[in-house]
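Protein sequences appear in the order of chains U and C.
Each residue of the first sequence is one higher than the one before, counting from 1 in the working numbering.
Each residue of the second sequence is one higher than the one before, counting from 195 in the working numbering.
Protein chains: 2
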Amino acid sequence: MTPVTAAERSDAARNRERLLLAARELIGQGGVAALTMDRLAEHAGVGKGTIFRRFGSRAGLMLTLLDDSEAAFQARVLFGPPPLGPGAAPLDRLIAFGAGRIAYVLEYGDLVLAAGHASRGRFDVPAAALWNHHVQMLLREAGVDSPEPWLMAGSLNATLDAERLLHLVRDHGVTIERLATSWRDLVTRVAGGA
Amino acid sequence: MTPVTAAERSDAARNRERLLLAARELIGQGGVAALTMDRLAEHAGVGKGTIFRRFGSRAGLMLTLLDDSEAAFQARVLFGPPPLGPGAAPLDRLIAFGAGRIAYVLEYGDLVLAAGHASRGRFDVPAAALWNHHVQMLLREAGVDSPEPWLMAGSLNATLDAERLLHLVRDHGVTIERLATSWRDLVTRVAGGA
DNA sequence: AATAGAACCGGACTACGGTCCGTTTAGTCC
DNA sequence: GGACTAAACGGACCGTAGTCCGGTTCTATT
Chain U
1 MTPVTAAERS
11 DAARNRERLL
21 LAARELIGQG
31 GVAALTMDRL
41 AEHAGVGKGT
51 IFRRFGSRAG
61 LMLTLLDDSE
71 AAFQARVLFG
81 PPPLGPGAAP
91 LDRLIAFGAG
101 RIAYVLEYGD
111 LVLAAGHASR
121 GRFDVPAAAL
131 WNHHVQMLLR
141 EAGVDSPEPW
151 LMAGSLNATL
161 DAERLLHLVR
171 DHGVTIERLA
181 TSWRDLVTRV
191 AGGA
Chain C
195 MTPVTAAERS
205 DAARNRERLL
215 LAARELIGQG
225 GVAALTMDRL
235 AEHAGVGKGT
245 IFRRFGSRAG
255 LMLTLLDDSE
265 AAFQARVLFG
275 PPPLGPGAAP
285 LDRLIAFGAG
295 RIAYVLEYGD
305 LVLAAGHASR
315 GRFDVPAAAL
325 WNHHVQMLLR
335 EAGVDSPEPW
345 LMAGSLNATL
355 DAERLLHLVR
365 DHGVTIERLA
375 TSWRDLVTRV
385 AGGA
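Here is the structure:
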């Protein structure tokens, strides 16, 4: 977050902390929907413009709020124990990745949803690029020789879209187990399995 | 559109026509973004409330605007010549369906995008259910025996999400041919092909 | 410690989608 | 054709995300 070129000014840092704290408080009280920018500004004792300079948009703020948990998940994928982390067979890692992603999305629900409504389109966000790359790597290791590896990885990731998953769970009562099963089925077939 | 239970009142019909005409005019002049509800109301000489009673939301209006082309595409899929229509091998129909869908989304671009921002979530819209059912049927005919046929069809359709396709084309310069290739690769693998 | 200027601050302002409710009008029944 | 009712109408109103810019505060420099 802190730019390399210049240290963050102390008042800016103080306000950023205040804002994140106030944001979590508001969400804790009334859910993500209760977090409006006006309320946040008032509750944090800060001007509205300050929020937008700092986080760019409401979605940017949500992204920042998710930073910690997102980093934790990334760490589990990149350095954690198998099958999610390195060490397991590529297909098993792929299956575990989907299951983990599904669990993550359902756990943070509305927050992920709100973060997705970024003006940038929710695809170019750094994390998305990382997952794309990760899936692409696992596919290659699994021996999948696709004419469009990058697009194939993107397609599989589109399957894990937060809005879709939450819609299925909330409006159709689909269980997390069924989602995981479906993902396993999909990637197994793509990888040329049974 | 006209409810079976009661005929539409003449003033309502007149205003609906006015609104659709004015909407197409505004879009023709300044693109979909230029179609704001206030402007539309003024340009059509109609109150704003009238628009919302008739179409429910901005997305609903967009959906209505797409009605004709959507119906045309549906007709091609359900009754048209192979490989999109009936008569071809299931896998070929599936491939053609994706290609057709991609072309459709790219052709109507922003309109489809705006229609997708419906409050209902863009998944429960009637057309989406139809495509889901269609893909599910083709998979079954192709001998794909999935533990979750409905979710599998939904996953494949998620791959054709308008926002994703348009993002790839507009922000990454991906061609329609590459998208079609990737879709073919995906469904071929799912169907157990090469 | 004084100073300059960059970074930051705040809140009034805009544009938008969507709602509400008192008013008008179309269709119907006598 | 007059009266009645349900439907449609319209535009003021609301809450929202996001912008703008004059004033303020921090920090580096001397």
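Even for Gly, the Cβ is constructed at its ideal location relative to N, Cα and C.
All values reported here derive from a predicted model rather than from experimental measurement.
- Listed along chain C, the residues sitting closer than 9 Å to Ala158/U by beta-carbon distance are Ser349, Ala352, Thr353, Leu354, Asp355, Arg358.
- Between Arg233/C and Leu220/C, the gap from beta carbon to beta carbon is short of 8 Å.
- Residue environment: Ser204/C is assigned as exposed (fewer than 16 neighbouring CB atoms within 10 Å of its CB, all protein chains considered).
- For Met62/U, the closest C-alpha among the options Leu35/U, Gly87/U, Phe73/U is that of Leu35/U.
- Across the structure, Phe246/C and Gly254/C are spaced so that their CA atoms are roughly 9 Å apart.
- Under the Cβ criterion of 8 Å, Asp379/C is counted among the residues facing chain U.
- Under DSSP, Ala88/U takes part in a beta bridge, and its partners are Pro86/U.
- Chain C has a Cβ within less than 8 Å of the Cβ of Leu151/U.
- At a cut-off of 4 residues, the continuous stretches assigned as alpha helix (DSSP H) that sit fully inside the region 98–151 of chain U are 126–141.
- Per DSSP, Arg248/C is one residue of the alpha helix (DSSP H) stretching across 242–249.
- Around Val384/C, the beta-carbon contacts reaching into chain U at under 8 Å are Leu186, Arg189, Val190.
- For Asp185/U, the uninterrupted alpha helix (DSSP H) segment begins and ends at 176–190.
- In the three-state DSSP reduction, Asp161/U falls in the coil class, being neither helix nor strand.
- When DSSP states are grouped into helix, strand and coil, Gly274/C belongs to the coil group.
- Taking one beta carbon from each stretch, the region 362–377 of chain C and the region 160–173 of chain U have fewer than 3 pairs nearer than 8 Å; the two do not touch.
- Spanning the alpha carbons of Thr258/C and Ala72/U requires a straight line of approximately 44 Å.
- Judged by beta-carbon spacing, Met152/U lies within the 8 Å limit of Asp379/C, meaning their Cβ atoms are closer than that value.
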